[in-house]
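**Q** Mapping of the sequence shown onto the working numbering: position 324 corresponds to residue 447, and the numbering continues sequentially without gaps. Built from N, CA and C at the ideal position, the CB exists for glycine as well.
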Amino acid sequence: MYSRLFSIGISMIFRGLFLSVLFTITILFFYGYLPYINRDVFTYLSITTGIIDEQSVLFFKIIIPIALLFLLPVYIKTRELYIGLIKFITVYSSICLIILILSYSHIVYYKYVRSIDFVNELYYVSFSLILLLFNIVLAFTYPLIAISIVRVDRVGRIKSVDTSVNEIQLDPGEVVRIKIYGDQSSIGIRSQPENSIKVIGFNKTFFYKYIDIYPLSSFGGYVELFYKDKLLYRFKCIYKSIEYRRIKFNVFFNDDYIYSHEVSVESYKSVLESIESLIDSITGKLGIDKSDISRIVFYTIDKIHIPGDTIISDLTNVNEVNVMIYSTEKYMEIYKYYSKSDIYNLWETLVKRLEILRREISDLINETEELIGRVKYFQSNWW
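1) Under 8 Å by Cβ, that's how I've got V284 and V273 pegged, so tell me the actual separation to the nearest angstrom.
2) Expressed to the nearest angstrom, what Euclidean distance is found between the alpha-carbon atoms of I189 and I150?
3) Could you tell me the distance, in whole angstroms, from the CA atom of S217 to the CA atom of F152?
4) Identify the continuous alpha helix (DSSP H) that holds A190 and give its terminal residues.
5) I want to know whether the segment 432-446 touches the segment 391-410 - three or more CB-CB distances under 8 Å.
6) Which class does K363 belong to by DSSP, given the choice of helix, strand or coil?
7) Determine the direct distance from the alpha carbon of L401 to that of K210, and round the result to whole angstroms.
8) For I351, which option in H229, I268, I185 and I448 has the closest C-alpha, if you only look at C-alpha atoms?
9) Is the Cβ-Cβ distance between F349 and I291 less than 9 Å?
10) At the level of alpha carbons, what is the spacing between G344 and I495?
11) Per the contact definition of three or more C-beta pairs closer than 8 Å, is the segment 364-375 in contact with the segment 385-393?
12) Taking only runs that begin and end inside the segment 232-303, name each unbroken alpha helix (DSSP H) of 4 or more residues, in chain order.
13) Give the range of the beta strand (DSSP E) segment to which R162 is assigned.
14) Counting only the same chain and skipping the five closest in sequence on each side, list residues whose C-beta sits under 8 Å from that of S340.
15) Just checking my contact of I419 with V441 at CB under 8 Å: how many whole Å lie between their CB atoms?
16) By alpha-carbon positions, which one of V260, I230, S238 and I259 ends up nearest to Y246?
17) Quick one: using the 10 Å Cβ neighbour count with 16 as the cut-off for buried, is V180 buried or exposed?
18) Measuring alpha carbon to alpha carbon, tell me which residue in D486, K426, T328 and K363 is nearest I199.
19) Any idea what DSSP makes of S446, helix, strand or coil?
20) Roughly how many angstroms separate the alpha carbons of R313 and N373, rounded to a whole number?
21) Three-state secondary structure (DSSP) at N529?
22) How big is the Cα-Cα spacing for S464 and V288?
23) Go through the segment 350-427 residue by residue and report every complete run of the alpha helix (DSSP H) that reaches 4 residues or more, in order.
24) Do you know whose CA, among Y362, V214 and Y205, lies nearest I303's CA?
25) Just how far apart, CA to CA, sit S462 and K408?
26) Under 8 Å Cβ to Cβ from I175, same chain only, skipping five residues before and after it: list those, please.
27) Output the boundary residues of the beta strand (DSSP E) element that contains S314.
28) For K426, is the classification buried or exposed, using 16 other Cβ atoms within 10 angstroms of its Cβ as the cut-off for buried?
Dropping the structure here:
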């Protein structure tokens with residue numbers, strides 16, 4: 124239900140065409156080009172009531188369109204092209220309709236007081252109110268947001284997606300691109316299970332904003348897309364067929380060797396994505412946060428640099444990778460001091476010593492409690 128209301132066809136194309144027709148009718152009405160209306164609203168107001176003179180009529184006829192046109196680049200810059208145009212014609216129409224309603228309402232009052240027939244003007248007021256109501260419903264009550272979901276491969280080719288199905292299957296290297304036309308702040312995205320989907324964005328173009336998503340494992344995950352608290356889409360995102368590569372990673376921390384680990388990684392992943400679990404393990408063992416890592420560099424055994432975003436399938440004839448992890452400045456001095464030692468063994472030793480110290484403190488606490496109990500016993504039996 125909600126997903127259809129936010130589709131490109133209904134939210135943008137149908138609404139845009141309908142609002143364009145309302146905009147055209149409003150402009151023709153405003154400048155007196157509709158049947159039975161031979162003058163623009165300011166000229167008619169001046170002739171009928173004399174409330175404004177001819178110079179003011181000319182001023183308003185020129186200044187109002189120019190002033191309203193300044194809104195066009197503002198809306199295009201803040202809302203992108205398509206939604207910006209819809210917003211512009213809606214605001215332009217609404218301001219013109221409010222001027223029409225106020226002007227013809229004044230004419231009705233003027234003629235009513237002087238017992239002059241005002242039926243036509245009353246029709247004009249009613250007609251303007253109806254047009255304004257349509258504008259409010261279509262542009263202000265109905266959110267100005269549209270969503271499109273497509274698949275995009277590595278070279279940027281776009282493939283359609285059937286959003287009525289509950290599963291989107293990707294070829295290796297493809298991502299699901301969610302295009303958002305309008306304000307993205309009210310759009311939320313969630314994955315089930317948590318951290319099963321990689322989300323990249325928001326990225327902005329002249330026409331729309333978009334986020335790219337893809338599964339982080341061969342099992343995939345569910346993607347839920349919300350508008351505020353309303354669920355718009357829920358689908359499973361998974362790769363069709365996955366090839367694996369067996370790669371050995373030699374991990375170094377500040378140029379000191381830690382350990383080696385051979386794993387099977389998905390061929391569509393980048394080198395950096397392939398070792399995220401290893402990085403979590405290393406930082407956990409060393410007792411530091413990921414924020415304490417300044418950079419990660421990859422090399423082949425022959426010391427050839429490998430960019431972190433290199434896809435595993437592109438690493439031809441590479442079965443072993445050196446992972447160089449460097450910490451921030453606050454950790455550099457202590458690790459330089461122990462540069463001749465194996466940091467990993469140093470940390471293991473420290474943990475073991477802390478465990479022994481914890482047991483000794485626990486025994487000391489027990490002995491202290493026993494001693495306090497004996498003292499209280501002697502005190503209670505002293506007399």
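**A** To lay it out plainly:
1) 6 Å
2) 14 Å
3) 13 Å
4) Per DSSP, A190 belongs to the alpha helix (DSSP H) from E177 to L192.
5) yes
6) coil
7) 49 Å
8) It should be noted that the sequence gives Lys, not Ile, for residue 351. When each option's Cα is compared against that of K351, the closest is I268.
9) no
10) Between the alpha carbons of G344 and I495 lies a gap of roughly 58 Å.
11) yes
12) 242-259
13) For R162, no beta strand (DSSP E) run applies, since DSSP gives it neither H nor E.
14) S319 and E389
15) Actually they do not touch by this definition, with Cβ atoms about 17 Å apart.
16) Of V260, I230, S238 and I259, the residue nearest in Cα terms is I230.
17) buried
18) T328
19) It should be pointed out that residue 446 corresponds to Val in this sequence rather than to Ser. In this structure, V446 counts as strand in the three-state DSSP scheme.
20) 34 Å
21) Past the boundaries of the shown model lies residue 529; the chain is included only from 124 to 506, so the question cannot be answered.
22) Caution is warranted here: a pLDDT of 49 is assigned to S464, below 50, making its placement in the model unreliable, and no coordinate value can be reported.
23) 394-397 and 399-409
24) Y205
25) Low local confidence applies: a pLDDT of 48 at S462 is under 50, so the model's placement there is unreliable, with the coordinate-based value given in what follows. Near 17 Å, if we compare the C-alpha coordinates of K408 and S462.
26) F165, L168, S169 and F183
27) I310 to Q315
28) exposed
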